[in-house]
Structures are given as structure tokens and as C-alpha cells.
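Engineer: Could you have a look at this structure, given as C-alpha cells, before my questions?
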Amino acid sequence: KPAVQGFGSATGQYMDIYIKMDTRTLTGYALRIIRTTKHDRAVDFQLMKYTNGEATPISKAITSNCYRKGCVIRLKVEGPILTANVKNVLPLPQPHHPDIVREVDLSAAIEPNTFGGIGVQHTGSTGASASMLRGLRVNWK
Numbered sequence: 007k008p009a010v011q012g013f014g015s016a017t018g019q020y021m022d023i024y025i026k027m028d029t030r031t032l033t034g035y036a037l038r039i040i041r042t043t044k045h046d047r048a049v050d051f052q053l054m055k056y057t058n059g060e061a062t063p064i065s066k067a068i069t070s071n072c073y074r075k076g077c078v079i080r081l082k083v084e085g086p087i088l089t090a091n092v093k094n095v096l097p098l099p100q101p102h103h104p105d106i107v108r109e110v111d112l113s114a115a116i117e118p119n120t121f122g123g124i125g126v127q128h129t130g131s132t133g134a135s136a137s138m139l140r141g142l143r144v145n146w147k
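According to the working numbering, the residues represented by the sequence shown are 7 to 147, in order.
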């Protein structure tokens with residue numbers, strides 16, 4: 007979506023990408039992409055911890071305009087550290103506000119677990135305002 011990246015309105019719609027998740031108890035971690043009222047052409051990215059379905063932020067929120075066609079999201083867990091890198095492989099418009107970045111790098115200390123679940127939860131819109139996932143790759147070590 008070229009204008010508002012994957013969400014129909016700024017009503018707190020979000021998408022969580024789960025990693026190291028126990029899918030039965032919804033305990034683990036996620037990268038949250040949230041449509042806020044702060045900017046009409048950008049979204050916030052934030053790392054979250056899930057405990058029995060309750061989400062708590064574990065990093066600061068970073069606002070970016072990279073969540074649109076060409077967006078690549080990488081989540082990685084190495085020992086006690088969760089990292090997220092989000093960038094766009096296509097040319098992006100210049101951010102219209104100094105608080106908006108073109109690439110996102112987040113990290114947070116986590117409690118290592120043996121959970122192997124992954125998933126995506128999208129609370130946003132359908133149709134023309136929807137997000138489309140073109141691919142998902144999981145590497146196990």
C-alpha cells in the first residue's frame with residue numbers, strides 16, 4: 007500500500023509477528039507493527055513479550071515509513087537477545103517528519119525459552135487496506 011501501510015484507519019490496528027511462542031498458552035515474544043494517530047504515512051514498530059496472552063512492550067517504539075510494498079522483516083533470537091530489523095528493498099519517499107526513520111533496528115533482552123512456535127496476528131482491515139505476506143521463512147539452529 008503506498009499511502010497508509012496495511013491498515014485502514016488509525017484506530018490502534020496492529021499486526022504481531024510471533025517468535026519463540028508457545029502457541030497453546032500464547033507465551034513468548036513478538037514484533038508489533040501498529041497504526042497510530044501520530045502519522046498518516048508511517049507505523050510504529052515495537053518488541054513485545056507475551057505472557058498467557060497478555061502483551062507487554064519490551065522495547066521503545068520506533069516510527070518508520072518502511073512498512074509498504076517491498077518491506078522485509080527479520081526477527082532473530084540469539085541467546086537472551088531478540089532483535090528485529092525492518093527495511094524496504096524498494097525506493098521510499100523521504101520521511102515527512104524528523105521522527106520517522108526509513109529502517110528499523112530494535113533489540114531487547116529476553117528470558118530464553120524452548121518454545122518453537124511462530125505466527126502472525128493481524129487486527130487490521132481487509133480488502134484494499136489489507137497487508138499481504140508474500141513469504142515467510144524460518145531458520146532453525
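Even for Gly, the Cβ is constructed at its ideal location relative to N, Cα and C.
In this text, all values refer to a predicted model and were calculated from it rather than measured experimentally.
#1: By Cβ distance below 6 Å, which residues in the same chain neighbour P101 in space, the five residues on each side in sequence not counted?
#2: What do you get for D105, buried or exposed, if any count of 16 or more other CB atoms within 10 angstroms of its CB means buried?
#3: Between A90, G34, T42, which has its C-alpha nearest E60's C-alpha?
#4: What residue from L32, R30, S15 has the CA that sits closest to K44's CA?
#5: Just how far apart, CA to CA, sit A126 and A90?
#6: Might you give, ordered along the chain, the residues of its own chain that have their beta carbon closer than 7 Å to the beta carbon of L96, omitting 5 neighbours on each side?
#7: Please state whether DSSP places R41 in a helix, a strand or coil.
#8: Considering Cα atoms alone, identify which of D22, T17, M27 is closest to G122.
#9: Which same chain residues end up closer than 6 Å to R38 when comparing Cβ atoms and leaving out the 5 residues on each side of it in sequence?
#10: So the beta strand (DSSP E) V92 belongs to, where does it begin and stop?
#11: Does the Cβ of A115 have 16 or more other Cβ atoms within 10 Å, making it buried, or fewer, making it exposed?
#12: Are T62 and V49 closer than 9 Å when you measure CB to CB?
Structural biologist: If we stick to the structure as given:
#1: Indexing the sequence shown from 1 puts residue 101 at position 95. Contacts found: N71.
#2: To locate residue 105, count along the sequence shown from 1; it is residue 99. By the neighbour-count rule (16 or more Cβ atoms within 10 Å), D105 is not buried but exposed.
#3: Against the sequence shown, residue 60 aligns to sequence position 54. Cα-wise, what sits closest to E60 is G34.
#4: Working through the sequence shown from its first residue, we reach residue 44 at position 38. Per the Cα distances, S15.
#5: Walking along the sequence shown from the start, residue 126 turns up at place 120. Walking along the sequence shown from the start, residue 90 turns up at place 84. Note that residue 126 is Val in the sequence shown, not Ala. Their backbone Cα atoms lie some 15 Å apart in a straight line.
#6: To locate residue 96, count along the sequence shown from 1; it is residue 90. Counting only Cβ-Cβ distances below 7 Å, and skipping sequence neighbours, we find K75, G76.
#7: Looking up residue 41 in the sequence shown gives position 35. Looking at R41 - three-state DSSP - the assignment turns out to be coil, as it is neither helix nor strand.
#8: Position 116 of the sequence shown, counted from the start, is the residue given in the question as residue 122. Looking at the Cα atoms, M27 is the closest of the given residues.
#9: Within the sequence shown, residue 38 is the residue found at index 32, counting from 1. Cβ within range, chain order: Y20, D22, Q52, M54.
#10: Numbered from 1 along the sequence shown, position 86 holds the residue referred to as residue 92. Segment 87 to 94, the beta strand (DSSP E) holding V92.
#11: If you number the sequence shown from 1, residue 115 lands on position 109. A115 is exposed by the Cβ-count criterion.
#12: Residue mapping note: residue 62 aligns to position 56 of the sequence shown, counting from 1. Residue mapping note: residue 49 aligns to position 43 of the sequence shown, counting from 1. Not closer than 9 Å, so no.
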